[in-house]
Amino acid sequence: MATEILMPALSPTMEEGTLAKWLKQEGDAVKAGDIIAEIETDKATMEFEAVDEGILGKILIAEGSQGVKVNTPIAVLVEEGESADDVADRAGADSKPAQVQAPSTAEGPDQGGQPGKSAVETVKTPEPNRSPDWPEGTKMKTMTVREALREAMAEEMERDETVFLMGEEVGEYQGAYKISQGLLDRFGPRRVVDTPISEIGFAGIGTGAALAGLRPIVEFMTFNFAMQAMDHIINSAAKTLYMSGGQMGCPIVFRGPNGAAARVAAQHSQDYAAWYASVPGLKVVMPYSAADAKGLMKQAIRDPNPVIFLENEILYGRSFEVPDLPDFTIPFGKARIARTGKDVTIISFGIGMAHSLEAADKLAQDGIEAEVIDLRTLRPIDYGTIIESVKKTNRVVTVEEGFPVGSIGNHLSAYIMENAFDYLDAPVINCTGKDVPMPYAANLEKHALITASEVVEAVKKVTYR
Amino acid sequence: MARKPAPATETAATGAPSNVSRDELLQYYRDMLLIRRFEEKAGQLYGMGLIGGFCHLYIGQEAVVVGLEAATKEGDKRITSYRDHGHMLACGMSARGVMAELTGREGGYSKGKGGSMHMFSREKHFYGGHGIVAAQVPLGAGLAFADKYLGNDNVTFAYFGDGAANQGQVYETYNMAVLWDLPVIFVIENNQYAMGTSMKRSTRSTTLFGRGEAFGIPGEQVDGMDVLAVKAAGEKAVAHCRAGKGPYILEVMTYRYRGHSMSDPAKYRTREEVQKMRDERDAIEHVRELLLQGRHASEDDLKAIDKDIKDIVNDSAEFAKESPEPALEELWTDIYAEDLPQGSAEEHA
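Those protein sequences? They're chains E and B, same order as listed.
Residues in the first sequence are numbered consecutively from 26, following my numbering.
Residues in the second sequence are numbered consecutively from -9, following my numbering.
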């Protein structure tokens, strides 16, 4: 049977091309794989191979023709003894390709069903979950953030045989920051795995193990080093569930200290909260208190998705009250109102909470009652609690240690403007680290970081005091 | 499609090694031909605008995956790069599902959300389909880590190219894989060109399997245009891994007939070079000759197989054209797993 040879698309963007040269002539025998023509695309001259065998019955587009649209019949291939004429006539009468219809790519939200969330559609802010994190009257114990993290990991390793910890110095050295102290003795080298200094390598191995069904906790000595492993965190861990149409879950926790410690200069002092929070497929946790560190770590290990768990070196040694419960978790996407107030809403997370609470104490002395919200998780974010508070106080200051451009505060400002504009009595102010690499000199470092007095100043601005 | 050729029961009269059965040879012929015809069809659909974006064809390299798959058992895992259609077909994934993913349709393995470079199958233990060069190497070692952790005797085949062999993460992975005795076979499909850069222009260390020596990983070079040689090497590597001796490297010398991707004019090598490989070393022709010379099959027998394969491929193309585009709601699904993924904690408990 005679078949039409169509003008091929030879690059992802080609819509038309030039038929530069015919390498076979009418009457020539052609077999699959033979080059029959040269075609110029916008990028290069490509050789065009035959897919079927037969005889080149008729050339429909002469060589040298420019602007030949993709899928235009350019020749007719016939079997031996067959004439090309009837096919050619048909092609002449109807120059559209016979059966090929490429799918449309530019469907708007109104066509073919409702996509759900267009750019202009306002998604209703969900009702906040304001239930207490633990029952009233629960016995409390005092512990450091370091102990809380260790206890959370140990409890989950006891609970689930597939949970294991890997990273640099997590085992015999007992953890660079002593988070994993004692875990090697308790669980053995099969489940507490010391790695060489190979961030991209062990992040990839951890991710592969998670795809195969284990639940790795991958410790980065600090998140500064995780930049070496960024490809696996984003491209391999966060995107695979989507790329596989829901087949390949990746239950993994990447954890370690994030942000500035003290006097360790630019390469060891970055806060990555906003980077990770921008990536769909990741969940991002950044606790302040020991209770949150414990409850959220246990939740992170149980979560079937990749979780970025951003700790802070300065907070490791601080003590907090932690509920003395055998199995205590905190759900993601549930902010904590650390302090209630009516005059202004301060939204923060991680070590930013230390500055925010200190500022709130000072402001109280001046008669300003600040409501302080600890987001705890940055993906998902508890928008409900934020909006509810904004409606009450009408003024917002965000506080974080990271860089100002593309910050969490920037995102919250936009969200509040879109969803509670009429409730705002002043522009939202974002308190952030300064827009500079972290300096080493003690005085400069102090100025590069966010401070409680800057938060106080911002609050006074939005409250017009 | 049956994956396991029958063990050698009758010996070849001439041409084929005496330990290869007729059924085995016929199976390799079918499996390789399926990949070639499937890829030719994919190239055709690309030309028609039905497949978009990047599309990297496996034509010429068929003997690599077909030979190695013949050395596997149920439970073994595989992972590869973006030149992945052949690996999927060879491990038994359906031509329909792969082709429909290429056309971006609901019936594809990833519901149209992955495309040519990103397909997966839990059922067939195929872990992708990865678009970042060499990322699949540590991921593959991670799959092997999981099997070792769980105490089974599965092995993982981590495929990558000569181009990927120059990525640093490969050597981080070699180091840890041997340190922890991971049951992973690193398969370097050396088709001699990293996109447009030949081996000579990218490294002075051109014996790629030899790079494992620095870490204490054994390896060897294999003729990748000879499916029987590939299978034999695969069996050796598998035996090494299953015995708990750690990783193994196979550098399989192969050749891709087509460009790096569909939009590659391939000016970095001559037409004659490609033609010479096709004429003299083609892996499918090789098995075809063994079958005919050994009188295991007649021309008519092979024609019947050709027709079968053509039917499977045409059916897959029809399916891929007719399968609807994914519903727009799919944009918002599969970003987060709600429950435990398959094959996770509960299952192993």
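Even for Gly, the Cβ is constructed at its ideal location relative to N, Cα and C.
- Contact of E:A69 with chain B by beta-carbon distance below 9 Å involves S253, D254, P255, K257.
- A direct Cα-to-Cα measurement between E:V93 and E:I60 gives close to 19 Å.
- DSSP, read as helix, strand or coil, puts E:K367 in coil.
- The C-beta separation of E:P429 from E:D450 comes to about 23 Å, leaving the pair out of contact by the 8 Å criterion.
- In terms of Cβ geometry, E:I333 and E:Y301 form a close pair [threshold 7 Å].
- Under the three-pair Cβ rule at 8 Å, the region 241 to 255 of chain E counts as touching the region 187 to 195 of chain E.
- Taking the CA atoms as reference points, B:A227 sits about 9 Å from B:F176.
- Distances from the CA of B:Y99 to each of B:E319, B:S306, B:A125, B:Y326 were compared; the closest alpha carbon is that of B:S306.
- Taking E:F357 as reference, the option from E:G366, E:V369, E:R327, E:A384 with the minimal CA-CA separation is E:R327.
- Taking 7 Å as the threshold, the shortest C-beta distance from E:D256 to chain B falls below it.
- A direct Cα-Cα distance of roughly 23 Å separates B:Y149 from B:V277.
- Contact annotation for E:V95 against chain B: G37, M38, G39 [CB-CB distance below 9 Å, chain order].
- Proximity of chain E to B:L129 at the Cβ level (cut-off 8 Å) is accounted for by G229, I230, T232, G233, L236, H257, S261, in chain order.
- Interface with chain E (7 Å Cβ-Cβ cutoff): B:R112 is included.
- Here B:Q51 carries a coil assignment [DSSP, helix/strand/coil].
- For B:N144, same chain residues with a beta-carbon under 6 Å away, outside a window of 5 residues either side, are G65, D66, D137 in chain order.
- At a cut-off of 7 Å between beta carbons, E:L208 makes no contact with chain B.
- E:N154 sits in coil when the DSSP states are folded into three classes, being neither helix nor strand.
- Residues are counted here when their Cβ sits less than 8 Å from a Cβ of chain B; for the region 264 to 289 of chain E these are T265, L266, Y267, M268, S269, G270, G271, Q272, M273, G274, C275, P276, given in chain order.
- According to the DSSP assignment, E:E244 belongs to the beta strand (DSSP E) that extends over 240 to 244.
- In terms of Cα proximity to E:I393, the closest of E:G342, E:A483, E:V55, E:R401 is E:A483.
- Using a Cβ-Cβ cut-off of 7 Å, B:K103 is close to Y267, M268, G270 of chain E, given in chain order.
- Residues of chain E whose Cβ lies closer than 8 Å to the Cβ of B:S195 do not exist, since the nearest Cβ in that chain is about 20 Å away.
- Taking the Cα positions, B:I178 is about 45 Å away from E:Y341.
- The Cβ atoms of B:L47 and B:R261 lie no closer than 7 Å to each other.
- Taking C-beta separations shorter than 6 Å and ignoring five residues to either side along the sequence, the partners of E:G409 in its chain run T150, P151, E152, P153, following chain order.
- Straight across, the Cα-Cα distance linking E:P214 with E:E197 is about 9 Å.
- With a cut-off of 8 Å on Cβ pairs, the region 441 to 457 of chain E is not in contact with the region 388 to 406 of chain E, counting fewer than three such pairs.
- DSSP places E:D317 inside the alpha helix (DSSP H), whose first and last residues are 315 to 327.
- Secondary-structure assignment with DSSP links B:Q211 through a beta bridge to B:E241.
- Annotation: the region 70 to 102 of chain B contains the following complete segments of the alpha helix (DSSP H) (minimum length 4 residues), in chain order: 75 to 80, 85 to 92.
- Burial check for B:W170: the Cβ neighbour count within 10 Å reaches 16 or more, so the residue is buried.
- Taking a C-beta distance under 7 Å as the contact criterion, B:L280 and B:L15 qualify as a contact pair.
- For the region 317 to 340 of chain E, the beta-carbon criterion of a distance under 8 Å to any beta-carbon of chain B is satisfied by P329, N330.
- In the structure shown, E:F345 adopts extended strand secondary structure according to DSSP, grouped into three states.
- One finds nothing in chain B with a Cβ atom closer than 8 Å to the Cβ of E:V101; even the nearest lies about 16 Å away.
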